[in-house]
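Quick note, the sequences are listed as chains F and G, same order.
Under the numbering used here, the first residue of the first sequence carries the number 1, and numbering increases by one thereafter.
Under the numbering used here, the first residue of the second sequence carries the number 1001, and numbering increases by one thereafter.
All C-beta atoms in this analysis are idealised placements derived from N, C-alpha and C, irrespective of residue type, glycine included.
All figures in this text were calculated on a predicted structure; none of them were measured in a lab.
There are 2 protein chains.
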Amino acid sequence: MTVVVKIGGARAVDPEGALADIGALKDEGTDVAVVHGGSTAVDDALEQMGIEPEYVETPSGVVGRFTDEETMDVFKMAMSGLVNTDLVTGLQNQGIDAVGLSGVDGKLFYGPRKEAVRVVEDGKKKIRRGDHSGSIKEVNGDLLETLLDDGYTPVASPPMLADDGVAVNTDADRASAAVAAELGGTLVSLTDVAGVYRDPDDSSTLIERVETPEEYAELKDAAEGFMGRKVMAATEALEGGASEVVVASANADQPIRSAVEGGGTHILPSALPKDD
Amino acid sequence: MTVVVKIGGARAVDPEGALADIGALKDEGTDVAVVHGGSTAVDDALEQMGIEPEYVETPSGVVGRFTDEETMDVFKMAMSGLVNTDLVTGLQNQGIDAVGLSGVDGKLFYGPRKEAVRVVEDGKKKIRRGDHSGSIKEVNGDLLETLLDDGYTPVASPPMLADDGVAVNTDADRASAAVAAELGGTLVSLTDVAGVYRDPDDSSTLIERVETPEEYAELKDAAEGFMGRKVMAATEALEGGASEVVVASANADQPIRSAVEGGGTHILPSALPKDD
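Shown next, in the form of structure tokens:
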């Protein structure tokens, strides 16, 4: 069995419980790969350097980071240098032989660059150029499997390598989906809430299991904001061959194990809308 | 044949020639591993964050970075996040399937922490605590060989993982020596001069070949400042099993090939002082 664990980069997500849990899973013979974000660390580093983080809104209302060249350097520093190294160190201290990777290593995450983005500024649609972002179309599964076969736990994060040879930003949730699809495993996406709620303000409305296209439609309606990105990533993971996606809380006791064993929101391949 | 290339982190060292050269060597079937420094990038990042880099002098006159906890975070950012990612990106753009590693990854560089250092301040000897530095005693050769066997080019740099579980600074020259010793290869240490000169100010006094203990004694006398560190690293590499060490210019045409084929200062195992 292979489990891909997505650890969020938000300040409210504490990775400690997940790190201990990975050791227990490894001991049982489960292959584990980790994918992480780190947007908070990027913003912190930008602030330390006196650079204002810039977020733009697309015409469809999605808010994302605008990553110019200077910001991209800070992104690499915070994401690959600080967050990744600290996670790998934490895993090593749990006795887990982790190896950190960015998407540039072995072209782990590769795909087209999106240099120009449509944005809405002051109510007007504009084209902004110079963005450092891209979409993952290829994952180097050979590199991950080589490391897993040798007993290592890969810990991967953006940046990705774009087709113009530049390291660029890419969404970490979708990166984790691409890894789960490539490895055909279960994606456990850890976040700061217990899963997807029908009513975002009411944790008693947790959607536990999404097995049919009807339940999937309900899930999509319920998922707002960053949960919308998680559902999009879940869809990509399942379309690509992941066996299951679970959205669950990082702050639970044994967060990965409890997610695999039924906690959180489980989304199954049978939930994907059928093509006509 | 295995070549370990040390690429310096000084501002005067341009890695471009070396990157192109690595591709040619790989095409000929030579395994190449890269180890790099990045002290200039660390100082630049510290400056951007408004932190003054701190250098201390030991009683024996060696000047080195004092790395407190805050500086250590910036070190990880600049070294593993920026310099490593940029080198791996540069190699990928030469068609070389590079994979970046810090010494924490797979415990690539592991050994004792040196938390307290003896320093001289205002002419007085003191003990300073809180330094994040250590000495490499173990190199994970399995991880390097797994990657090399699969066609990847490992690109490694400090930090190392200290025995107290903390990622700490370590000398990149000595890290490259440890890798060359572990792999039993040739260490090509690229720098901003053509090798070790008998007279540091006169490039016509290049020491070309060091084969005997007498020539080694002459080399040690000639090596001053940072060259002293390179000679110490060369000694460690050869003592550990490296086949040859070459100190040569990074800025030459085909810098690695010309070093392997006779350029620069060649130091051979027969030069090591014999134990009585």
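Buried versus exposed, by CB contacts within 10 Å (16 or more), residue 1153/G:
Burial call: buried.
What residues in the stretch 1129 to 1160 of chain G have a beta carbon less than 8 Å from any beta carbon of chain C?
The chain labelled as chain C is not found among the protein chains of the depicted structure, namely F and G.
How about residue 1270/G: is its C-beta nearer than 7 Å to some C-beta of chain F?
Chain F places no beta carbon closer than 7 Å to that of residue 1270/G, leaving this residue out of the contacts.
What distance in whole Å lies between the Cβ atoms of residue 197/F and residue 206/F, which are believed to be in contact at a cut-off of 8 Å?
Yes, they are in contact, since the Cβ atoms of residue 206/F and residue 197/F sit about 6 Å apart, within 8 Å.
Have a look at residue 192/F and residue 175/F and give me their C-alpha separation to the nearest angstrom.
Spanning the alpha carbons of residue 192/F and residue 175/F requires a straight line of approximately 19 Å.
Determine the extent of the alpha helix (DSSP H) in which residue 1026/G is found, giving its start and end residues.
Judged by DSSP secondary structure, residue 1026/G falls within the alpha helix (DSSP H) whose first and last residues are 1016 to 1027.
Which same chain residues end up closer than 7 Å to residue 125/F when comparing Cβ atoms and leaving out the 5 residues on each side of it in sequence?
Counting only Cβ-Cβ distances below 7 Å, and skipping sequence neighbours, we find 59, 118.
Beta-carbon separation of residue 1035/G and residue 1006/G under 7 Å?
Yes.
Just by C-beta distance, which residues in the stretch 1060 to 1084 of chain G are closer than 8 Å to chain F?
Those residues of the stretch 1060 to 1084 of chain G that come within reach of chain F (Cβ to Cβ, closer than 8 Å) are 1073, 1076, 1077, 1078, 1079, 1080, 1081, 1082, 1084.
Under 8 Å Cβ-Cβ, which residues of chain G neighbour residue 97/F?
Listed along chain G, the residues sitting closer than 8 Å to residue 97/F by beta-carbon distance are 1106, 1107.
Can you give me the C-alpha to C-alpha distance between residue 1015/G and residue 1260/G, rounded to a whole angstrom?
About 17 Å.
Start and end residues, alpha helix (DSSP H) containing residue 1040/G:
Its alpha helix (DSSP H) spans residues 1039 to 1048.
What first and last residue would you give for the alpha helix (DSSP H) that runs through residue 1285/G?
The question about residue 1285/G has no answer, for chain G in this structure spans 1001 to 1276.
Compute the distance between the beta-carbons of residue 1179/G and residue 1231/G, then report whether it is under 7 Å.
No, Cβ-Cβ distance for residue 1179/G and residue 1231/G is not below 7 Å.
Considering only their Cβ atoms, is the gap separating residue 100/F from residue 136/F smaller than 7 Å?
Result no, Cβ atoms of residue 136/F and residue 100/F do not sit closer than 7 Å.
Residue 1281/G - containing beta strand (DSSP E), residue span:
This structure gives no information on residue 1281/G, because the portion of chain G shown stretches from 1001 to 1276.
For residue 131/F versus residue 66/F, is the C-beta distance shorter than 7 Å?
Cβ distance < 7 Å, so residue 131/F and residue 66/F count as in contact.
For residue 49/F, decide whether its Cβ has a neighbour in chain G, counting only Cβ atoms nearer than 7 Å.
Cβ-Cβ to chain G under 7 Å: yes for residue 49/F.
Taking 8 Å as the cut-off, does the stretch 1021 to 1031 of chain G touch the stretch 1080 to 1098 of chain G (at least 3 CB pairs, one atom from each stretch)?
Taking 8 Å as the limit for Cβ pairs, the verdict is that the stretch 1021 to 1031 of chain G does touch the stretch 1080 to 1098 of chain G.
Residue 204/F: which of 235/F, 265/F, 270/F, 226/F sits nearest, CA to CA?
For residue 204/F, the closest C-alpha among the options 235/F, 265/F, 270/F, 226/F is that of 265/F.
Same chain, Cβ closer than 7 Å to residue 127/F, neighbours up to 5 away in sequence not counted:
Closer than 7 Å at the Cβ level, and outside the excluded window around residue 127/F, lie 116, 118.
Using a Cβ-Cβ cut-off of 7 Å, state whether residue 40/F counts as contacting chain G.
Interface criterion not met: the Cβ of residue 40/F is under 7 Å from no Cβ in chain G.
Check whether chain G comes within 7 Å of residue 100/F, counting only Cβ atoms and requiring the distance to be less than that.
Chain G contact via Cβ: present.
Can you pull the DSSP bridge partners for residue 1031/G?
In DSSP, residue 1031/G forms a bridge with 1002/G.
For residue 1270/G, count neighbouring Cβ atoms within 10 angstroms of its own Cβ and tell me buried if that reaches 16, exposed if not.
Residue 1270/G sits exposed, since fewer than 16 C-beta atoms from the chains shown fall within 10 Å of its C-beta.
What do you reckon, are the CB atoms on residue 237/F and residue 144/F nearer than 7 Å?
No.
Tell whether a beta-carbon distance below 7 Å holds between residue 241/F and residue 156/F.
Residue 156/F is positioned such that its CB atom lies no closer than 7 Å to that of residue 241/F.
Using the Cβ count rule (16 or more neighbours within 10 Å means buried), how would you classify residue 1273/G?
The residue in question, residue 1273/G, is exposed, as its Cβ has fewer than 16 Cβ neighbours within 10 Å.
Flag this pair as yes or no: are the beta carbons of residue 1081/G and residue 77/F separated by less than 7 Å?
In this structure, residue 77/F lies closer than 7 Å to residue 1081/G by Cβ.
Who are the Cβ neighbours of residue 1246/G in its own chain at under 6 Å, not counting the five residues just before and after it?
The residues are 1188, 1259, 1264, 1266.
Out of 248/F, 234/F, 167/F, which one is the CA nearest neighbour of residue 195/F?
The option with the nearest alpha carbon to residue 195/F is 248/F.
Give a yes or no on whether the minimum CB-CB distance between residue 1225/G and chain F is below 7 Å.
Output row for residue 1225/G: interface = no.
Nearest to residue 1029/G (by Cα), restricted to the options 1151/G, 1047/G, 1064/G
By alpha-carbon distance to residue 1029/G, the top candidate from 1151/G, 1047/G, 1064/G is 1151/G.
According to the neighbour-count rule (16 or more other Cβ atoms, all chains shown, within 10 Å of its Cβ), is residue 257/F buried or exposed?
By the neighbour-count rule (16 or more Cβ atoms within 10 Å), residue 257/F is buried.
Listed in chain order, which residues of the stretch 246 to 271 of chain F have Cβ atoms closer than 7 Å to some Cβ of chain G?
The stretch 246 to 271 of chain F vs chain G, Cβ under 7 Å: nothing.
Given a threshold of 16 other Cβ atoms within 10 Å of its Cβ, counted over all protein chains shown, does residue 1262/G qualify as buried or as exposed?
Counting of Cβ neighbours within 10 angstroms places residue 1262/G among the exposed residues, the total staying below 16.
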